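Colleague: Have a look at this one.
2 protein chains.
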Amino acid sequence: MRLSTKGRYAVTAMLDLTLQGGEGPVTLAEISETQGISLSYLEQLFACLRSKNLVRGVRGPGGGYYLGRPADEISIADIICAVDEWVEFTRCGGKRDCKDGKRCLTHNLWDELSSEIFNFLSSINLAELVERGGLKEEGCIKEKENGALTTEQGSTRAA
Amino acid sequence: MRLSTKGRYAVTAMLDLTLQGGEGPVTLAEISETQGISLSYLEQLFACLRSKNLVRGVRGPGGGYYLGRPADEISIADIICAVDEWVEFTRCGGKRDCKDGKRCLTHNLWDELSSEIFNFLSSINLAELVERGGLKEEGCIKEKENGALTTEQGSTRAA
DNA sequence: AGAATACCCACTTATTTACTTGGTAATAAA
DNA sequence: TTTATTACCAAGTAAATAAGTGGGTATTCT
Chain H
0 MRLSTKGRYA VTAMLDLTLQ GGEGPVTLAE ISETQGISLS YLEQLFACLR
50 SKNLVRGVRG PGGGYYLGRP ADEISIADII CAVDEWVEFT RCGGKRDCKD
100 GKRCLTHNLW DELSSEIFNF LSSINLAELV ERGGLKEEGC IKEKENGALT
150 TEQGSTRAA
Chain D
0 MRLSTKGRYA VTAMLDLTLQ GGEGPVTLAE ISETQGISLS YLEQLFACLR
50 SKNLVRGVRG PGGGYYLGRP ADEISIADII CAVDEWVEFT RCGGKRDCKD
100 GKRCLTHNLW DELSSEIFNF LSSINLAELV ERGGLKEEGC IKEKENGALT
150 TEQGSTRAA
């Protein structure tokens with residue numbers, strides 16, 4: 000499981016694409032400007048996204064990028080997987096001794112936690128995010144009563 | 000939001016601690032051996048965990064580490080926050096022009112997604128993980144027929 | 001023809017991971 | 001009291017990754 004800023008960049012860019020996508024293709028230059036991501040880095044990210052058919056490029060003047068399929072068919076997990084490798088590394092998989100069971104247990108636990116997060120991210124798609132203008136609306140996601148939500152320095156958000 | 004292998008190491012080590020914790024303190028050497036993490040790297044991770052009172056060290060022969068509080072009061076988010084910095088960087092926070100709204104919108108969307116993941120990780124504690132030997136059991140998390148996740152209501156899982 | 005765009009690749013730099021080395025401090029047991 | 005065992009500490013190195021640069025080529029619209 001891996002969820003780094005790289006994946007976040009990709010999600011942010013895809014959100015931008017979804018928001019502006021109705022009016023024809025969106026150029027990387029626009030996204031670069033809007034989101035403050037370097038153009039060439041965006042190109043690299045979009046090369047990944049394109050290879051997974053999450054976006055479709057159109058060359059020439061007036062060109063740019065479309066979503067590769069409807070926004071409600073692109074999950075956050077799709078995007079992060081495309082750029083983030085997401086390698087499920089269990090070192091015990093083959094080479095090392097894992098027959099005592101103890102090590103495998105914690106590994107299994109982590110693996111399941113990992114796939115749990117994956118399923119969660121898979122259950123959210125771009126259309127939902129954009130429709131709601133966020134996640135806060137009823138029915139989808141509720142804030143905790145303690146208001147433990149995003150802040151710039153969130154290290155004190157623990158329960 | 001950040002969820003790297005560093006946090007995974009910490010969670011794995013804490014799981015190991017929870018599993019073996021009943022029989023007195025657990026040494027870092029044991030965890031290092033069991034989990035295949037270098038001793039000094041573990042020391043660094045545990046320095047972070049200790050500073051947040053997630054673990055308690057006992058020096059001298061027969062020493063080692065205990066959990067800092069009951070396993071059902073330590074969430075996965077607690078652990079990851081302790082070692083992973085978890086800085087919520089929204090560049091638009093102050094300096095750059097963010098009045099056109101477009102950029103802020105995608106940033107807000109991401110921020111809320113980020114805190115959603117945070118809440119999810121906050122809702123899982125070590126005791127649950129160990130009790131169930133995993134997450135798949137009924138009662139905690141149910142899979143929908145389509146494979147997406149369901150929670151009791153909304154997405155704020157009962158912790 | 002020329003400009004705008006995607007597309008491509010090889011490189012650099014900065015940051016983070018993961019590990020190493022070489023210690024000091026406390027404490028249980030010999 | 002000595003010694004071994006552990007936590008604790010700090011300053012590094014090495015490797016991986018993230019992020020950005022610079023130089024192109026290929027399409028396609030005007």
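Just so you know, the protein sequences line up as chains H and D, in that order.
Numbering that gives the first Met the number 0 puts the first residue of the first sequence at 0, with every later residue one more than the last.
Numbering that gives the first Met the number 0 puts the first residue of the second sequence at 0, with every later residue one more than the last.
All C-beta atoms in this analysis are idealised placements derived from N, C-alpha and C, irrespective of residue type, glycine included.
No experiment lies behind these values; they were computed from the predicted model shown.
1. Would you say I182 (chain H) lies against chain D (beta-carbon separation less than 8 Å)?
2. By the three-class DSSP mapping on this structure, what secondary structure does G20 (chain D) have?
3. Could you check whether the region 55-64 of chain D touches the region 7-26 of chain D, counting it as contact only if at least three pairs of C-beta atoms, one from each stretch, sit closer than 8 Å?
4. In whole angstroms, what separates the C-alpha of R7 (chain H) from that of W109 (chain D)?
5. Are the region 70-85 of chain H and the region 120-133 of chain H touching by the rule of at least three beta carbon pairs closer than 8 Å?
6. Taking the DSSP output, what are the residues bridged to L2 (chain H)?
7. Which residues in the same chain have their Cβ closer than 7 Å to the Cβ of L2 (chain H), if we skip the five residues on either side of it in sequence?
8. Measuring alpha carbon to alpha carbon, tell me which of H:K5, H:E84, H:N52 ends up nearest Y40 (chain H).
9. What does DSSP give as the partner residues of G63 (chain H) in its beta bridges?
10. Which residue or residues does DSSP assign as beta-bridge partners of S39 (chain H)?
11. So who's on the other strand from S74 (chain H), going by DSSP bridges?
12. To which residues of the same chain is R68 (chain H) closer than 8 Å at the C-beta, ignoring the five residues directly before and after it?
13. Expressed to the nearest angstrom, what Euclidean distance is found between the alpha-carbon atoms of S114 (chain H) and L48 (chain H)?
14. Taking 8 Å as the CB-CB limit, is F164 (chain H) close to chain D?
15. With distances taken Cα to Cα, identify the nearest neighbour of F45 (chain D) among D:L16, D:L120, D:I116.
16. What residues from chain H crowd round S3 (chain D), counting only those whose CB sits closer than 8 Å?
17. Does E111 (chain D) pass the burial test, meaning 16 or more other C-beta atoms within 10 Å, or should it be called exposed?
18. With E32 (chain H) as the anchor, note down where its alpha helix (DSSP H) starts and where it stops.
19. Please classify G162 (chain H) as buried or exposed, where buried requires at least 16 neighbouring CB atoms within 10 angstroms.
20. Output yes if chain D places a C-beta closer than 8 Å to the C-beta of A158 (chain H); else output no.
21. For C103 (chain D), which option in H:A9, H:E29, H:Q34, H:A28 has the closest C-alpha, if you only look at C-alpha atoms?
22. On the criterion of 16 or more Cβ atoms from any shown chain inside 10 Å, does L18 (chain D) qualify as buried, or is it exposed?
Modeller: Taking the structure as given:
1. Because chain H here runs from 0 to 158, residue 182 (chain H) falls outside it and cannot be looked at.
2. Three-state DSSP puts G20 (chain D) in a helix.
3. Segments in contact, yes.
4. Near 8 Å, if we compare the C-alpha coordinates of W109 (chain D) and R7 (chain H).
5. Counting Cβ pairs under 8 Å, three or more are found: they touch.
6. Within the DSSP secondary-structure output, L2 (chain H) pairs in a beta bridge with D:L2.
7. Result list for L2 (chain H): I79, in chain order.
8. Taking only the C-alpha atoms, the option nearest Y40 (chain H) is H:K5.
9. When DSSP reads this structure, G63 (chain H) sits in a beta bridge with H:V57.
10. Bridge pairing for S39 (chain H): absent [DSSP].
11. According to the DSSP secondary-structure assignment, S74 (chain H) is paired through a beta bridge with H:N124.
12. Within the same chain, R68 (chain H) has close Cβ partners N52, L53.
13. If I take the Cα positions, the gap works out to 21 Å.
14. There is simply no residue 164 (chain H) to check, as chain H begins at 0 and stops at 158 in what is shown.
15. Restricting attention to D:L16, D:L120, D:I116, the CA atom closest to the CA of F45 (chain D) is found in D:L16.
16. Listed along the chain, the chain H residues whose CB falls inside 8 Å of the CB of S3 (chain D) are R1, L2, S3.
17. Buried: at least 16 other Cβ atoms inside 10 Å.
18. DSSP places E32 (chain H) inside the alpha helix (DSSP H), whose first and last residues are 27-34.
19. Chain H is shown only over 0 to 158; residue 162 (chain H) falls outside these bounds and no answer can be derived.
20. Residue confidence for A158 (chain H) is low, a pLDDT of 28 falling below 50, so the modelled location carries little weight and cannot support an answer.
21. Of the listed residues, the one whose Cα sits closest to C103 (chain D) is H:Q34.
22. Buried, since its Cβ has 16 or more Cβ neighbours within 10 Å.
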